[in-house]
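Asks: In the UniProt record's numbering, the protein residues as written are 1 to 587.
Where is the CB? At the ideal position from N, CA and C, for every residue including glycine.
Sharing a structure below in structure tokens format, with a few things to ask.
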Amino acid sequence: MKKLIVKFPVLLLAICSFFFIIPHTYARDASQITDWYIKDFQSDVVVNEDSSIDVTEKIVADCGNLPDKHGIFRVLPLFYQKTENEKVRMPIKLISITDFDGASYKYSQTRDGDSVTWKIGDADKTVTGINNYKITYHIDNTIRFDSADFDEFYWNLNGNFWQIKTDHFLATIYFPIEPLNKTIDLYSGSFGEKDQGLATYSWEDSKTLKVESIKTLLVGEGITVSATFAKDFFSPYTPTFLEKYGQFFWLLLPLLTFFFCFRLWRKYGRDPKLHKAEMVQYEPPKGLGPIECGMILSNLGTDSSNISAGIIDLAVKGILKIEEIPKKGIFSQKDFKITFLSQDFESNNDLSPTEKKIASEIYSFSSNNSLKLNSLKNKFYTSIPKITQSGKNFLFENKYFGKQGFTYRIVLFVLAGISVPIIFGLIATVTFFYDNPTLLISSFVANIIILIIFALIIPSRTVEGAEAVWKINGFKLFMTKAEKYRAPFHEKEGLFEKYLPYAMIFGVTKMWVENMKKIYGENYFNTYHPIWYVGHLGNFNADSFTSSITDLSKSMASTIASAPSSSGSGGGGFSGGGGGGGGGGGW
Numbered sequence: 001m002k003k004l005i006v007k008f009p010v011l012l013l014a015i016c017s018f019f020f021i022i023p024h025t026y027a028r029d030a031s032q033i034t035d036w037y038i039k040d041f042q043s044d045v046v047v048n049e050d051s052s053i054d055v056t057e058k059i060v061a062d063c064g065n066l067p068d069k070h071g072i073f074r075v076l077p078l079f080y081q082k083t084e085n086e087k088v089r090m091p092i093k094l095i096s097i098t099d100f101d102g103a104s105y106k107y108s109q110t111r112d113g114d115s116v117t118w119k120i121g122d123a124d125k126t127v128t129g130i131n132n133y134k135i136t137y138h139i140d141n142t143i144r145f146d147s148a149d150f151d152e153f154y155w156n157l158n159g160n161f162w163q164i165k166t167d168h169f170l171a172t173i174y175f176p177i178e179p180l181n182k183t184i185d186l187y188s189g190s191f192g193e194k195d196q197g198l199a200t201y202s203w204e205d206s207k208t209l210k211v212e213s214i215k216t217l218l219v220g221e222g223i224t225v226s227a228t229f230a231k232d233f234f235s236p237y238t239p240t241f242l243e244k245y246g247q248f249f250w251l252l253l254p255l256l257t258f259f260f261c262f263r264l265w266r267k268y269g270r271d272p273k274l275h276k277a278e279m280v281q282y283e284p285p286k287g288l289g290p291i292e293c294g295m296i297l298s299n300l301g302t303d304s305s306n307i308s309a310g311i312i313d314l315a316v317k318g319i320l321k322i323e324e325i326p327k328k329g330i331f332s333q334k335d336f337k338i339t340f341l342s343q344d345f346e347s348n349n350d351l352s353p354t355e356k357k358i359a360s361e362i363y364s365f366s367s368n369n370s371l372k373l374n375s376l377k378n379k380f381y382t383s384i385p386k387i388t389q390s391g392k393n394f395l396f397e398n399k400y401f402g403k404q405g406f407t408y409r410i411v412l413f414v415l416a417g418i419s420v421p422i423i424f425g426l427i428a429t430v431t432f433f434y435d436n437p438t439l440l441i442s443s444f445v446a447n448i449i450i451l452i453i454f455a456l457i458i459p460s461r462t463v464e465g466a467e468a469v470w471k472i473n474g475f476k477l478f479m480t481k482a483e484k485y486r487a488p489f490h491e492k493e494g495l496f497e498k499y500l501p502y503a504m505i506f507g508v509t510k511m512w513v514e515n516m517k518k519i520y521g522e523n524y525f526n527t528y529h530p531i532w533y534v535g536h537l538g539n540f541n542a543d544s545f546t547s548s549i550t551d552l553s554k555s556m557a558s559t560i561a562s563a564p565s566s567s568g569s570g571g572g573g574f575s576g577g578g579g580g581g582g583g584g585g586g587w
């Protein structure tokens, strides 16, 4: 009887323990489960003398019989906020992710500037019921040395950013020395709260602290602990040489790129020197149309304004006629009608291969041999690469440029293009590795600029190409100083409109018209009617014609290039105020 009396309190305590402790680990009814929840979360934290910690988390998660569930994800911060403007980095190294028996899980890891995420599970496999996850990782730089009186371990144990509930949480923290005070600061609740009603703590021995939840932790609720220690026991984290000075190595990137590109340019990008003085040329180089002249001057570059000049040249040569359509209202746009007078492009020896390509591309959009310029909007842009390639083929075949330099141009442009997404990735991630990522990002930007500059100048002209540049520049000089050279104009007819497309290429249209007025006189222009252009003002007027040609050129350029758009310690802390913690959820 006496034995029964002695054993009764023990039995009563065991029964009470069953009702009060077991609910933490007792599974919910599957019919009540609407999302993942954590049945039990146990975290072992070993604090090391070098200010690092080793963490092992055992998470028992349950998704019941819900469909399309694959696993959980764990998010950890890569820094703690020391002040409003200062972040302190905490390098994290993942050791393993397994089940409780040691079998590895499939997972993916992503980092941004603020956190690391481990997404555990297989997108091709679904799970149900209870699943066990063991996550082991190492974190450096976790002790705070800001106080003159003590060093502090201020840590978010489970994290305030879980998207699912946690029925039970238990953390066991192993310190290397006894804290200054066995009465520690404990905070719980949502981020920023100082409540102490969600958890309690106890000392297993003088250096082992247990922190346990006493209620279910709802979404966003966490537990934070602060313990203080004597100064000079913990050694501050020392960044590695690469972490400290690694960003300066990125300065070598643009320097090496410049050296590489400069070597390429020296070998493949320098034009032959002709040692010829500048001399006026009264006509363009034989066999070169206005577009080809423009491409030679711009190292194989072309744009919509060059193609506009080519269209005018087609009109001057009688292939098509351009008619100005006046505005119908205040807010309407000026338009132009293009009518083909000839469809025999390929056999026309007066046309350069590039002009033949322009004519055939425009004609493919016509109906009954005509079309309105505005009808080419969001359509003709697909033709520009074909026209450009036609010009390049002609210049290569006639040995104005060497092909090897052009190949290297493509390589440099590709390298520059690859660097662009790298920069965006760096902006999102380098704040983890470097306190000030400006130097790293700037070096990549400089690298792109160097690649683009050398890509533009590297295709070298041959002797024939250099000779063509000399002649083109001499012809441009003639067009800008035409008034000084009246004789050639009295010997040939139709030079004004014949050379007008070249004036457009050189950007001297207005100057060319003014020079022609001075040479031929106002009377000549008052009786002059270009058969290829029909304005809406009746009699020809040089000033209005210049304005119309400028409008036409701008309208063509904008139309043919247009493309469719795409679419702490002493009670001063709070829950979530320490380092680590983070959060997670299910997927």
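Leaving out five residues on either side along the sequence, give the residues of the same chain with a beta carbon under 8 Å from the beta carbon of Trp203.
Replies: So the qualifying residues of the chain are Lys182, Leu209 and Lys210.
Asks: Going by DSSP, name the residue or residues bridged to Ser367.
Replies: Partner(s): Ser370.
Asks: Counting only the same chain and skipping the five closest in sequence on each side, list residues whose C-beta sits under 7 Å from that of Val316.
Replies: The answer, listed in chain order, is Glu497, Lys498, Leu500, Pro501 and Trp532.
Asks: Between which residues of its own chain and Lys2 is the CB-CB distance below 8 Å, once the five residues before and five after are set aside?
Replies: Its pLDDT being 45, under 50, Lys2 is placed unreliably by the model, and the measurement read from it follows with that caveat. Excluding sequence neighbours, Lys2 sits near nothing in its chain.
Asks: Who are the near neighbours of Tyr400 in its chain, counting only those whose CB is closer than 7 Å to its CB and skipping five residues on each side?
Replies: Counting only Cβ-Cβ distances below 7 Å, and skipping sequence neighbours, we find Ile296, Arg461, Thr462, Glu464, Gly465 and Ala468.
Asks: Extract the residue ranges of the alpha helix (DSSP H) inside the stretch 250-297, only unbroken runs of 4 or more that lie entirely within it.
Replies: Counting only runs of 4 or more, we get 252-268 and 290-297.
Asks: When you compare only the Cα positions, how much space is there between Lys119 and Ser52?
Replies: In a straight line, the C-alpha of Lys119 is about 24 Å away from that of Ser52.
Asks: State the start and end residues of the unbroken alpha helix (DSSP H) segment that holds Asp444.
Replies: Correcting the residue identity first, residue 444 is Phe in this sequence and not Asp. Its alpha helix (DSSP H) spans residues Thr438 to Ile457.
Asks: Hey, Arg74 and Ile135 are a contact pair by Cβ (cut 8 Å); roughly how many whole angstroms apart?
Replies: Rounded, the Cβ-Cβ distance is 6 Å, consistent with contact.
Asks: What is the DSSP secondary structure of Leu242, reduced to helix, strand or coil?
Replies: Here Leu242 sits in helix by DSSP.
Asks: Per DSSP, His529 is paired with what?
Replies: Answer is none; His529 lacks a bridge partner.
Asks: Let me check understanding here. Comparing Cα to Cα, which of Thr438, Ser419 and Asn473 lies closest to Asn447?
Replies: Looking at the Cα atoms, Ser419 is the closest of the given residues.
Asks: Express the C-alpha separation of Asp54 and Glu86 in angstroms, rounding to a whole number.
Replies: The alpha-carbon atoms of Glu86 and Asp54 are separated by roughly 25 Å.
Asks: What does a CB cutoff of less than 6 Å around Thr166 pick up in its chain, not counting 5 residues either side in sequence?
Replies: Counting only Cβ-Cβ distances below 6 Å, and skipping sequence neighbours, we find Ile38, Phe41 and Leu217.
Asks: Just to confirm before moving on: does the CB-CB distance between Ser43 and Asn160 stay below 8 Å?
Replies: No, these two residues do not count as a Cβ contact at 8 Å.
Asks: Helix, strand or coil for Thr509 per DSSP?
Replies: Helix at Thr509.
Asks: Between the C-alpha atoms of Leu78 and Ser115, what's the straight-line distance to the nearest angstrom?
Replies: Roughly 5 Å separates the two Cα atoms.
Asks: Tell me which same chain residues have a C-beta within less than 7 Å of the C-beta of Pro9, skipping the five on either side of it?
Replies: Unreliable placement is indicated for Pro9, whose pLDDT of 47 sits below 50; the coordinate value is still reported in the next sentence. Answer for Pro9: no residue qualifies.
Asks: Return the CA-CA distance between Asn523 and Met279, expressed in angstroms with no decimal places.
Replies: The straight-line gap from Cα to Cα measures roughly 32 Å.
Asks: Could you pull the DSSP bridge partners for Val55 from this structure?
Replies: DSSP output for Val55 lists Val45 and Tyr137 as bridge partner(s).
Asks: Tell me the start and end of each unbroken beta strand (DSSP E) in the stretch 114-190 that is at least 3 residues and wholly inside, in chain order.
Replies: Fully enclosed beta strand (DSSP E) runs of 3 or longer: 115-120, 130-139, 151-156, 169-174 and 185-190.
Asks: Indicate whether the contact test is met: 3 or more Cβ pairs, each with one atom in the stretch 135-151 and one in the stretch 192-202, closer than 8 Å.
Replies: The stretch 135-151 vs the stretch 192-202: no contact.
Asks: Would you say Val47 and Phe175 are within 8 Å of each other, going by their C-beta atoms?
Replies: Yes, they are a contact pair.
Asks: Which residue's Cα is closest to the Cα of Thr550: Ser213, Ala503 and Lys93?
Replies: Nearest of Ser213, Ala503 and Lys93 to Thr550, Cα basis: Ala503.
Asks: Evaluate the contact criterion for the stretch 386-406 versus the stretch 367-376: three or more CB pairs, one atom per stretch, below 8 Å.
Replies: They do not touch, by the three-pair rule.
Asks: With DSSP as the reference, please indicate the residues paired to Lys93 in a beta bridge.
Replies: DSSP output for Lys93 lists His138 as bridge partner(s).
Asks: Would you tell me roughly how many angstroms separate the C-alpha atoms of Lys357 and Val513, rounded to the nearest one?
Replies: Roughly 28 Å between the two C-alpha positions.
Asks: Could you give the C-beta distance for Arg319 and Ala359, rounded to a whole number, given that I count them as a contact under 8 Å?
Replies: Just to set this straight, residue 319 is Ile in the shown sequence, not Arg. Their Cβ separation, rounded to whole angstroms, is 6 Å, which keeps Ile319 and Ala359 in contact under 8 Å.
Asks: Where DSSP assigns a beta bridge to Thr480, which residues make up the other side?
Replies: Thr480 pairs with nothing; no bridge assigned.
Asks: I need the boundaries of the alpha helix (DSSP H) containing Glu397, first residue and last residue.
Replies: That run of the alpha helix (DSSP H) goes Ile384 to Glu397.
Asks: Report yes or no: do the stretch 381-396 and the stretch 288-304 share at least 3 C-beta pairs separated by less than 8 Å?
Replies: Yes, since at least three Cβ pairs between the stretch 381-396 and the stretch 288-304 fall closer than 8 Å, the two stretches touch.
Asks: Give every residue of the same chain whose Cβ lies closer than 7 Å to the Cβ of Ile214, excluding the five residues on either side of it in the sequence, and list them in chain order.
Replies: Closer than 7 Å at the Cβ level, and outside the excluded window around Ile214, lie Leu198, Ala199 and Thr200.
Asks: Over what stretch of residues does the beta strand (DSSP E) that includes Ala199 continue unbroken?
Replies: Element bounds for Ala199: Ala199 to Asp205.
Asks: Cβ atoms of Thr559 and Glu376: under 8 Å apart, would you say?
Replies: Residue identity check: residue 376 is Leu in the sequence provided, not Glu. Cβ distance < 8 Å, so Leu376 and Thr559 count as in contact.
Asks: Name the residue from Ile450, Ile453, Ile449 and Met511 whose alpha carbon lies nearest to the alpha carbon of Phe478.
Replies: For the residues Ile450, Ile453, Ile449 and Met511, the minimum Cα distance to Phe478 belongs to Met511.
Asks: Contact defined as beta carbons within less than 8 Å: I believe Leu274 pairs with Trp470. What is the distance between those atoms, to the nearest angstrom?
Replies: About 6 Å; that satisfies the 8 Å criterion.
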